[in-house]
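Visitor: Chains as they are written, first to last, in our numbering: chain A, 75 to 544; chain B, 16 to 272.
Here you go, one structure.
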């Protein structure tokens, strides 16, 4: 165990472990205070950042924050590490790596940055993000390319897709359909039409899958559906022959966290194979979808690593990406403001965490999206979500989540509205996924400038879609 | 521009084709657009709903108001007050662990009771102001012959604060009536959490919950009390609460978690 020291402001700061150093170097957030690992002063935080900047990246291959023998996520990360991909940055320190990334980003060298993914571990990426400002996170993510596809292509430059989230408190078919149509009429749904079921049962999941599949088939929409039930429920639906496009699961960055979610790596492997077998893709073969979020391990008391030491929530979040990337996902998103003020207290912390998660996921090779959202007991409002959304659009975010009028009437939190997606696309000159954009044009939902038009209810395009609600 | 009364519903006349969507769900569909944004009226409706929810979180728990409401409802049990270890709202929101423990020096009269009722501000003190007294009255009138401890009003409290409080009072069962996290259209929802043999360290799986007590939109006091009393009787019979009780579901009204 190496004890790392920095002298700053006449004080010598000591960091007795790698996990302690990572935690103390993390920009302030309530969850690390709750876990008892946060820096105790601003000076200590910067001292930790100085010490972290001097840590060789290669250290993360030999010194662990969560033990190899105790944790299958650590074993997955290290056993699949690609030394050839790591080679370009193998001799750098964390501080040097930050500069390497900023230089490649300024040169718009997407290939160099994107080629690192399998050579980087989650801990390396977490470490460098802690030294980066918000604009650094945006600048590098913008030049990191991750393209995935199933029936639409996601992650292309100049595009911003959205998950249309038509949740309903009782999974009512007509209510869900109304929200789907509202989203489609606003040009949302190119990433996925994804429902959180009110009841996690095979029967309910199959009913919802068939409902969305019928809408997609009827209008020949180049997108995919997902019912975000537990993976074991989706497996049952697959066995029953339901039209499953995507296998969904929430994942965490420790084996204990995943146990809390009721999943194992074997289970995810099995479900992915079953979905692949259906061959439902037209432009790609990515058939998994994962959600994550800082604080999920802590909330399950699954945030401990080597010698029982607590690990900071952002490093653990990156380890969840280490799980996700093993399953070649179509979509991954962090649910950044959902978990509550005990993990991310206010707009500043939520914006920072959203940019970190997006940057880290993308650098690790994930098709990264963000659920830009908040609950009513967090000090966050629409101004904060606007800020994060526009920054994510500038950062080349793969997709965001949108619900009617920002109000999820099932999960009782606020995400983006369909109008917010239109605004981000307009301000940043971003377009929907290409296949979906062509569909919008075919349905006469775009004006001559390619913008989603505001339809009168008696417009032919509106009438054609509204017919599904009858 | 005048703010609309009550919940934001956009139900239009039947001859408006958009009303097809609006009538199909309580979701905020077919709001219309101003450019790429929302029309002003819709934008302000949303802000109004958020403002009500935010204010519900940050309204201080008013003991005098609760005492008066209990008296009006005909409840004649004494009302004691406790504080958690969270000194203020800001700390409370960031440190749920502190909201689960009574402040140092908390003294409660030890006794032997069948039941203790704890009124906890939780995330919506407004829910306690508006619905605790009515719920307590409805529960007590259904429990003749039960010995009930003095009521406890708990400031900056989480559900698990009921464990040490119930233990100190000597109660076989504790029920915590707690303000639930406000939603955009439900800022005053009260939740009821039942725990048998309360003591620190009880897991959430050892509790039973009735959510959304909020007449006239949610459960009425009578409905909530009927369900709670069924749970209390089953809990007393089995000597347990939580998942075990849920497995006995046949004896309970539907919707009991």
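Where a beta carbon is used, it is the ideal one built from N, C-alpha and C, also for glycine.
All values derive from a computational prediction rather than experimental measurement.
How far does the alpha helix (DSSP H) with residue 79 of chain B in it extend, from its first residue to its last?
Guide: Reading the second chain from its first residue, position 64 is the one you call residue 79 of chain B. Where residue 79 of chain B is concerned, the enclosing alpha helix (DSSP H) stretches over 78 to 87.
Visitor: Can you give, in chain order, each stretch of the alpha helix (DSSP H) that sits fully within the stretch 289 to 315 of chain A and has at least 4 residues?
Guide: List check, alpha helix (DSSP H) in window: 305 to 313.
Visitor: Assuming residue 268 of chain A and residue 302 of chain A are in contact, meaning their beta carbons sit under 8 Å apart, how far apart are those beta carbons, in whole angstroms?
Guide: Here residue 268 of chain A refers to the residue found at position 194 of the first chain. Here residue 302 of chain A refers to the residue found at position 228 of the first chain. Contact flag correct, Cβ pair sits at about 6 Å.
Visitor: Can you pull the chain A residues whose beta carbon is under 9 Å from the beta carbon of residue 102 of chain B, in chain order?
Guide: Counting from 1 along the second chain, the entry for residue 102 of chain B is found at position 87. By Cβ distance, chain A contributes nothing, its closest Cβ being about 15 Å from residue 102 of chain B, past 9 Å.
Visitor: Helix, strand or coil: which one does DSSP assign to residue 74 of chain A?
Guide: Examination of residue 74 of chain A is not possible in this model, given that chain A is present from 75 through 544 alone.
Visitor: Just verifying my parser: in three-state terms, what is the DSSP assignment at residue 121 of chain B?
Guide: Translated into positions along the second chain, residue 121 of chain B becomes position 106. Looking at residue 121 of chain B - three-state DSSP - the assignment turns out to be coil, as it is neither helix nor strand.
Visitor: In chain B, what lies closer than 7 Å to residue 496 of chain A by C-beta?
Guide: Within the first chain, the letter at position 422 stands for residue 496 of chain A. Ordered by position in chain B, the residues that pass the 7 Å Cβ test against residue 496 of chain A are 51.
Visitor: Check whether the Cβ atoms of residue 126 of chain A and residue 168 of chain A sit closer than 8 Å, and answer yes or no.
Guide: Numbered from 1 along the first chain, position 52 holds the residue referred to as residue 126 of chain A. Numbered from 1 along the first chain, position 94 holds the residue referred to as residue 168 of chain A. Contact flag set, yes.
Visitor: Please list, in chain order, the residues of the stretch 197 to 216 of chain B that have any C-beta partner in chain A closer than 7 Å.
Guide: From the stretch 197 to 216 of chain B, only 197, 198 and 199 have a Cβ closer than 7 Å to chain A.
Visitor: Are there 16 or more other CB atoms within 10 angstroms of the CB of residue 250 of chain B, so buried, or fewer, so exposed?
Guide: Numbered from its first residue, the second chain carries residue 250 of chain B at position 235. The residue in question, residue 250 of chain B, is buried, as its Cβ has 16 or more Cβ neighbours within 10 Å.
Visitor: Hey, does residue 508 of chain A have any beta-carbon neighbour from chain B nearer than 8 Å?
Guide: For the purposes of this step, residue 508 of chain A is taken as the residue at position 434 of the first chain. Cβ-Cβ to chain B under 8 Å: no for residue 508 of chain A.
Visitor: Just verifying my parser: in three-state terms, what is the DSSP assignment at residue 208 of chain B?
Guide: The residue given as residue 208 of chain B occupies position 193 in the second chain. In this structure, residue 208 of chain B counts as strand in the three-state DSSP scheme.
Visitor: Suppose the cutoff is 6 Å on Cβ atoms and the five residues either side in sequence are ignored; what does the same chain contact list for residue 175 of chain B look like?
Guide: Start at 1 with the first residue of the second chain, and residue 175 of chain B comes out as number 160. Closer than 6 Å at Cβ, skipping near neighbours: 115.
Visitor: From this set, A:459, A:329, A:290 and A:437, which residue's C-alpha is nearest residue 184 of chain A's C-alpha?
Guide: For the purposes of this step, residue 184 of chain A is taken as the residue at position 110 of the first chain. Out of A:459, A:329, A:290 and A:437, A:437 has the C-alpha closest to the C-alpha of residue 184 of chain A.
Visitor: Can you pull the chain A neighbours of residue 140 of chain B, defined as C-beta to C-beta under 9 Å?
Guide: Within the second chain, numbered from 1, the residue matching residue 140 of chain B stands at position 125. Within 9 Å Cβ-Cβ: nothing; residue 140 of chain B doesn't reach chain A, min ~12 Å.
Visitor: With a threshold of 8 Å between beta carbons, is residue 450 of chain A in contact with chain B?
Guide: Reading the first chain from its first residue, position 376 is the one you call residue 450 of chain A. With 8 Å as the cut-off, residue 450 of chain A counts as an interface residue toward chain B.
Visitor: Should residue 48 of chain B be flagged as near chain A, meaning a C-beta pair shorter than 8 Å?
Guide: As a working note, residue 48 of chain B is residue 33 in the second chain. Cβ-Cβ to chain A under 8 Å: yes for residue 48 of chain B.
Visitor: Buried or exposed: which applies to residue 77 of chain A, given that a residue is buried once 16 or more other Cβ atoms fall within 10 Å of its Cβ?
Guide: As a first step, residue 77 of chain A must be located in the first chain, where it is residue number 3. Exposed, by the Cβ-count rule.
Visitor: If the cut-off is 8 Å on Cβ atoms, which residues from the stretch 80 to 112 of chain B count as contacting chain A, listed in chain order?
Guide: Result list: 108, 109, 110, 111 and 112.
Visitor: Is residue 443 of chain A helix, strand or coil when you go by DSSP?
Guide: As a first step, residue 443 of chain A must be located in the first chain, where it is residue number 369. Reduced to three states, the DSSP call for residue 443 of chain A is strand.
Visitor: For residue 416 of chain A, return the contacting residues in chain B, with the cut-off set at a CB-CB distance below 8 Å.
Guide: One-based indexing of the first chain puts residue 416 of chain A at position 342. Those within 8 Å of residue 416 of chain A in chain B are 108, 109, 110 and 111.
Visitor: What's the gap between the Cα of residue 516 of chain A and the Cα of residue 48 of chain B?
Guide: Position 442 of the first chain holds residue 516 of chain A. Position 33 of the second chain holds residue 48 of chain B. Residue 516 of chain A and residue 48 of chain B: Cα-Cα distance of roughly 22 Å.
Visitor: Tell me which residues share the same chain as residue 269 of chain B and place their Cβ nearer than 8 Å to its Cβ, disregarding the 5 neighbours each side in the sequence.
Guide: As a working note, residue 269 of chain B is residue 254 in the second chain. Residue confidence is low: residue 269 of chain B scores 47 on pLDDT, short of 50, so the model does not pin down where it sits. Its coordinate-derived value is still stated next. Excluding residues within five positions, none has a Cβ falling inside 8 Å.
Visitor: Could you give the uninterrupted runs of the alpha helix (DSSP H) lying entirely in the stretch 222 to 289 of chain A, keeping only those of 4 residues or more?
Guide: Runs found: 247 to 259.
Visitor: Can you have a look at residue 541 of chain A and say buried or exposed, based on whether 16 or more other CB atoms are within 10 angstroms of its CB?
Guide: As a position in the first chain, residue 541 of chain A is number 467, starting the count at 1. It counts as exposed.
Visitor: So who's on the other strand from residue 423 of chain A, going by DSSP bridges?
Guide: On the first chain, position 349 is the one that residue 423 of chain A refers to. None, per the DSSP bridge assignment.
Visitor: Return no unless some Cβ of chain A is closer than 8 Å to the Cβ of residue 21 of chain B.
Guide: Residue mapping note: residue 21 of chain B aligns to position 6 of the second chain, counting from 1. For residue 21 of chain B, the predicted model reports a pLDDT of 44, less than 50, meaning its position is unreliable; a value from the coordinates is still stated below. No, residue 21 of chain B does not count as interfacial toward chain A.
Visitor: Return the bridge partner residues of residue 324 of chain A from the DSSP annotation.
Guide: One-based indexing of the first chain puts residue 324 of chain A at position 250. Looking at the DSSP assignment, residue 324 of chain A forms a beta bridge with A:365.
Visitor: Just to check my reading of the structure: residue 117 of chain B and residue 179 of chain B have Cβ atoms closer than 8 Å, yes? What is that Cβ distance to the nearest angstrom?
Guide: Looking up residue 117 of chain B in the second chain gives position 102. Looking up residue 179 of chain B in the second chain gives position 164. Indeed, because the Cβ distance is near 5 Å, the residues count as touching under 8 Å.
Visitor: Answer yes if the stretch 330 to 350 of chain A comes into contact with the stretch 189 to 207 of chain A, meaning at least three C-beta pairs across the two stretches below 8 Å, and no otherwise.
Guide: Touching, no, given that fewer than three Cβ pairs across the two stretches are closer than 8 Å.
Visitor: Which residues bound the beta strand (DSSP E) around residue 155 of chain A?
Guide: For the purposes of this step, residue 155 of chain A is taken as the residue at position 81 of the first chain. Careful: residue 155 of chain A lies outside any beta strand (DSSP E) and carries neither H nor E.
Visitor: According to DSSP, is residue 189 of chain B helix, strand or coil?
Guide: Position 174 of the second chain, counted from the start, is the residue given in the question as residue 189 of chain B. Strand at residue 189 of chain B.
Visitor: Taking C-alpha atoms, which residue in A:453, A:83, A:383 and A:343 lies nearest to residue 323 of chain A?
Guide: Along the first chain, one-based indexing puts residue 323 of chain A at 249. Selected option, being the one with the closest Cα: A:343.
Visitor: Nearest CA to the CA of residue 195 of chain B: which residue from B:44, B:152, B:144 and B:221?
Guide: Position 180 of the second chain, counting from 1, holds the residue named residue 195 of chain B. Nearest of B:44, B:152, B:144 and B:221 to residue 195 of chain B, Cα basis: B:144.
Visitor: What does a CB cutoff of less than 8 Å around residue 230 of chain A pick up in its chain, not counting 5 residues either side in sequence?
Guide: For the purposes of this step, residue 230 of chain A is identified with residue 156 of the first chain, where counting begins at 1. Around residue 230 of chain A: 221, 507 and 508.
Visitor: Who are residue 487 of chain A's beta bridge partners in DSSP?
Guide: As a first step, residue 487 of chain A must be located in the first chain, where it is residue number 413. DSSP output for residue 487 of chain A lists A:482 as bridge partner(s).
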